[in-house]
Amino acid sequence: MGGLTLPAAILEWIEKAVGHPVLRATRIPGGGTRQGWFIDLDTGRIGDTGRIGDTGRIGDTGDTGGKLFLRYSPQPLPARSAFHRLATEAEVLRALGSAGIAVPAVYAVHPVDEAVLLERVPGDTWFARIRDPDEQVRVAQDFIRSLARIHRLDPARLDVPALGPVRSAREHALERIAQIRRRATAPDGSIDPLVRLSADWLEAHVPDYDGPVVLVQGDTGPGNFLYRDGRVTAVLDWELCHVGDPMDDIAWLSLRTVQDTFTHLPDRLAEYEKLSGHAIDVDRILYYRVFAETTMATLAPDDGPHTPARDGTPAADDDQSAAEKDAGNLMLYLQLHRRLWLEALNAVMGLGLTSPVMPEPTEPRDWQPLYADVLAMLQTITPRVDDPLASQWLKGTARIVRHLRELDACGRERDELERSDLALLLGHPPASLPAGRDALAAAHAARRVSDEDVTRYLWNRVMRDDHVMRHASGALHRRTWPPLTDAS
């Protein structure tokens with residue numbers, strides 16, 4: 016079953032840590048880079064230890080109703096990953112919980128593996144599923160209160176040694192840019208052109224801000240907190256947290272609102288400004304939008320052909336690995352982030368880029384009707400599947416089929432348009448797209464092609480990819496960065 020069952024050693028660790036046998040371990044959809052599991056304990060029986068283990072929180076699990084939550088990754092974290100180890104995330108949760116922030120309690124941290132056992136906090140995740148507009152506003156306002164409370168904490172007083180010493184916002188930004196470069200540098204010394212020009216731009220335009228720094232959650236906003244009855248019950252996922260400029264988190268919030276609706280953002284930012292004491296600075300937010308997307312593109316180190324996917328999970332090189340994640344959902348969000356990245360760069364560089372010529376469908380192939388048949392079958396099957404994870408992955412499968420249908424229809428025309436763009440920049444037609452892309456990367460690294468020209472080329476390429484993926488993306492295809500202020 017691969018990623019659908021927990022290893023026996025992890026189950027044994029859980030039982031030893033909490034002192035009760037595990038009744039059920041159920042993997043749930045989502046979880047980002049780490050798997051999420053509902054752990055149900057048999058609290059009527061005592062395990063071998065009958066107590067909380069030395070790696071856990073002092074106390075018992077009686078107040079949990081025998082229901083806990085496991086964050087787990089079967090693979091060790093790469094040495095140069097953008098993510099913290101789960102042990103560090105547990106440090107952050109404990110520090111924030113002690114400061115009165117609504118976060119899950121930590122029950123146990125595995126001493127070796129990437130696993131942490133947490134309180135299972137009641138609540139829902141997807142903000143868009145709130146149907147009542149008034150309740151949406153209440154939940155959004157409560158999240159802003161929570162974010163402002165976090166940003167009022169002095170990070171120097173939080174007991175999280177793994178985050179390092181607290182310095183100025185500029186020093187923290189430069190340190191993270193250097194980390195981006197290290198992660199993005201392949202064994203042969205090459206760097207993806209978009210990462211290179213983004214890192215160069217970020218380094219040259221660090222905001223002139225010398226105000227207080229905060230604990231930045233990173234990737235903060237809808238989807239990364241739980242809510243119930245109009246209130247936030249817990250803020251989740253601190254794997255990208257760091258010390259920095261408060262506008263860094265606001266940029267992440269504006270990114271999360273593209274993925275999941277979050278009421279009228281200018282209203283929420285006005286509330287944040289009053290509650291936190293940090294003035295909203297649009298230019299700094301635009302800067303940190305580029306920073307956020309460049310970070311998302313370099314979550315894992317570039318170690319060559321078997322580099323992990325952009326979400327930080329290992330690259331799939333066999334059927335078992337491929338079945339451990341929702342490849343359709345990952346495909347959608349990789350494309351969304353790449354488009355938002357180019358849109359953020361277009362805004363700060365002032366290039367005024369517009370939609371390029373789009374590929375047109377070619378004569379349908381004989382097998383084209385089979386795509387509709389497969390999609391109809393999936394549409395019939397999905398409502399009959401009770402397992403939430405399986406149901407979610409079936410939807411991901413349908414997204415892949417829709418994308419393959421469009422690639423079949425206009426993928427060749429899309430590739431020809433890119434060849435033409437490469438020929439203009441290189442001065443000759445490339446022998447192949449991979450060869451042309453490599454040649455352009457080398458020319459850009461040697462400064463024979465400008466950042467502006469590379470950005471235009473990548474803009475055209477990404478917007479065409481987005482066009483081809485439009486039916487698979489659905490509503491995400493039409494979403495973009497939200498406004499930060501109301502038009503005057």
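Per my numbering, residue 16 is the first one in the sequence shown, and the count goes up by one each step.
The beta-carbon is built from N, C-alpha and C at its ideal position, and this holds for glycine as well.
Using a Cβ-Cβ cutoff of less than 7 angstroms, which residues in the same chain neighbour A454 once the five nearest sequence positions on both sides are dropped? Against the sequence shown, residue 454 aligns to sequence position 439. Apart from sequence neighbours up to five positions away, the residues of its chain that approach A454 with a beta-carbon distance below 7 angstroms are L441, P445, ordered along the chain.
Count the C-beta pairs between the region 251-262 and the region 291-299 that are closer than 8 angstroms, then say yes if the count reaches three, no if not. Pairwise C-beta distances place the region 251-262 in contact with the region 291-299, as three or more of them are shorter than 8 angstroms.
Checking 8 angstroms against the spacing of the C-beta atoms, do L393 and L409 come in under that value? Start at 1 with the first residue of the sequence shown, and residue 393 comes out as number 378. Start at 1 with the first residue of the sequence shown, and residue 409 comes out as number 394. Yes, the pair counts as a contact, with Cβ atoms nearer than the cut-off.
Please work out which residues of its chain come closer than 6 angstroms, Cβ to Cβ, to L21, disregarding the five sequence neighbours upstream and downstream, and give them in chain order. If you number the sequence shown from 1, residue 21 lands on position 6. Taking L21 as the centre and dropping the five residues before and after it, the same chain places the C-beta of A40 closer than 6 angstroms to its C-beta, in chain order.
Would you call the region 395-412 and the region 468-479 touching, i.e. three or more CB-CB distances under 8 angstroms? Touching, no.
Per-residue DSSP class, three states only, for Q50: Counting from 1 along the sequence shown, the entry for residue 50 is found at position 35. Annotated three-state conformation of Q50 is strand, per DSSP.
A424 and P379 look like a contact to me (Cβ under 8 angstroms); what is the Cβ gap, rounded to whole Å? As a working mapping, residue 424 is identified with position 409 in the sequence shown. As a working mapping, residue 379 is identified with position 364 in the sequence shown. Correct: roughly 7 angstroms between the Cβ atoms.
Please report the Cβ distance between L355 and L270, rounded to the nearest whole angstrom; I am assuming they are in contact, meaning their Cβ atoms lie under 8 angstroms. The residue labelled residue 355 in the question sits at position 340 within the sequence shown. The residue labelled residue 270 in the question sits at position 255 within the sequence shown. Rounded, the Cβ-Cβ distance is 7 angstroms, consistent with contact.
Out of curiosity, what's the CA-to-CA distance linking H35 and T58? Taking the sequence shown and counting its residues from 1, the one referred to as residue 35 is at position 20. Taking the sequence shown and counting its residues from 1, the one referred to as residue 58 is at position 43. Here the C-alpha atom of H35 lies approximately 6 angstroms from the C-alpha atom of T58.
Buried or exposed: where does A337 fall if 16 or more other Cβ atoms within 10 Å of its Cβ makes it buried? Your numbering for residue 337 matches position 322 in the sequence shown. Low confidence applies to A337: its pLDDT is 47, below 50, so where it sits in the model is not reliable, and the reading given next is rough at best. A337 is exposed by the Cβ-count criterion.
Look at the Cβ atom of S291, then the Cβ atom of A201, and state whether they are nearer than 8 angstroms. For this step, residue 291 is matched to residue 276 along the sequence shown. For this step, residue 201 is matched to residue 186 along the sequence shown. No, the pair does not count as a contact, with Cβ atoms beyond the cut-off.
What would DSSP say about L508, mapped onto helix, strand or coil? This structure cannot speak to residue 508, because the chain is shown only from 16 to 503.
Distance, Cα to Cα, V505 vs I195? There is simply no residue 505 to check, as the chain begins at 16 and stops at 503 in what is shown.
Are the region 151-160 and the region 242-253 touching by the rule of at least three beta carbon pairs closer than 8 angstroms? Yes, since at least three Cβ pairs between the region 151-160 and the region 242-253 fall closer than 8 angstroms, the two stretches touch.
Buried or exposed by the 16-neighbour rule on C-beta atoms within 10 Å, applied to E30: Locating residue 30 in the sequence shown gives position 15, counting from the first residue. Buried is the call here.
From the DSSP output, in three-state form, read off L83 for me. Taking the sequence shown and counting its residues from 1, the one referred to as residue 83 is at position 68. Strand, per DSSP.
Which same chain residues end up closer than 8 angstroms to R72 when comparing Cβ atoms and leaving out the 5 residues on each side of it in sequence? Position 57 of the sequence shown holds residue 72. Any reading at R72 needs caution, since the residue's pLDDT is 44, under 50, leaving its predicted position unreliable; the model's value is listed next. Closer than 8 angstroms at the Cβ level, and outside the excluded window around R72, lie A120, V121, Y122, A123.
From A285 to A266, what distance separates their C-alpha atoms? To locate residue 285, count along the sequence shown from 1; it is residue 270. To locate residue 266, count along the sequence shown from 1; it is residue 251. Our two residues, A285 and A266, have alpha carbons roughly 14 angstroms apart in a direct line.
For F240, which beta-bridge partners are listed by DSSP? Reading the sequence shown from its first residue, position 225 is the one you call residue 240. When DSSP reads this structure, F240 sits in a beta bridge with V250.
Should D436 go down as buried or exposed, given a rule of 16 or more other Cβ atoms within 10 Å for buried? In the sequence shown, the residue the question calls residue 436 occupies position 421. So D436 ends up on the buried side.
Ignore the nearest five residues each way along the sequence and tell me which others in F240's own chain have a CB closer than 7 angstroms to its CB. As a working mapping, residue 240 is identified with position 225 in the sequence shown. Contacts found: F158, V247, A249, V250, L251.
Is H187 close to chain C, meaning its C-beta is less than 8 angstroms from at least one C-beta of that chain? Absent from the structure: chain C. Only one protein chain is present.
List in chain order: all unbroken alpha helix (DSSP H) runs of 4+ residues lying wholly within the region 80-151. Positions of the alpha helix (DSSP H) runs, each at least 4 residues long and wholly inside the region 80-151, are given as 101-113 in order along the chain.
Please classify G74: is it buried, with 16 or more other beta-carbons within 10 angstroms of its beta-carbon, or exposed? Here residue 74 is taken as the residue at index 59 of the sequence shown, counted from 1. Unreliable positioning characterises G74 in this predicted model, as indicated by a pLDDT of 38, which lies under 50. A coordinate reading is not provided.
What number of angstroms, rounded off, separates the C-alpha of A102 from the C-alpha of L422? Counting from one through the sequence shown, the residue named residue 102 turns up at place 87. Counting from one through the sequence shown, the residue named residue 422 turns up at place 407. About 42 angstroms.
Please report the distance separating the alpha-carbon of L173 from that of F277. Walking along the sequence shown from the start, residue 173 turns up at place 158. Walking along the sequence shown from the start, residue 277 turns up at place 262. In this structure, the alpha-carbon of L173 lies about 29 angstroms from that of F277.
Extract the residue ranges of the alpha helix (DSSP H) inside the region 396-460, only unbroken runs of 4 or more that lie entirely within it. The qualifying runs are 403-441, 448-460.
Could you pull the DSSP bridge partners for I295 from this structure? Locating residue 295 in the sequence shown gives position 280, counting from the first residue. Answer by DSSP bridge pairing: none, since I295 is not bridged.
For D207, which residues of its own chain have a beta-carbon under 8 angstroms away from its beta-carbon, when the five flanking residues on both sides are left out? Here residue 207 is taken as the residue at index 192 of the sequence shown, counted from 1. So the qualifying residues of the chain are A199, A312, D317, A456.
Count the other CB atoms, across all protein chains shown, that sit within 10 Å of the CB of R144; report buried if there are 16 or more and exposed otherwise. As a working note, residue 144 is residue 129 in the sequence shown. By the C-beta density criterion, R144 is exposed, having fewer than 16 other C-beta atoms within 10 angstroms.
Euclidean distance between Cα positions of P176 and D401: Taking the sequence shown and counting its residues from 1, the one referred to as residue 176 is at position 161. Taking the sequence shown and counting its residues from 1, the one referred to as residue 401 is at position 386. Distance between the alpha carbons of P176 and D401: 44 angstroms.
Using a Cβ-Cβ cutoff of less than 8 angstroms, which residues in the same chain neighbour R479 once the five nearest sequence positions on both sides are dropped? Against the sequence shown, residue 479 aligns to sequence position 464. Excluding sequence positions up to five before and after R479, its CB lies within less than 8 angstroms of the CB of P371, M373, P374, R429, L432, E433, all in the same chain and listed in chain order.
Measure from the alpha carbon of P376 to the alpha carbon of each residue in T369, A110, H482, then state which is nearest. Within the sequence shown, the letter at position 361 stands for residue 376. Checked all of T369, A110, H482; the closest Cα to P376 is H482.
Candidates A362, G81, R49: which alpha carbon is nearest V33's? The residue labelled residue 33 in the question sits at position 18 within the sequence shown. Closest by alpha carbon: G81.
Could you pull out every residue in the same chain whose Cβ sits closer than 8 angstroms to the Cβ of A114, ignoring the five residues on either side in sequence? Position 99 of the sequence shown, counting from 1, holds the residue named residue 114. Only L168, L173 meet the Cβ criterion.
Could you spell out the range, first to last residue, of the beta strand (DSSP E) harbouring H257? Sequence index remark: in the sequence shown, residue 257 carries index 242 (1-based). Element bounds for H257: 257-259.
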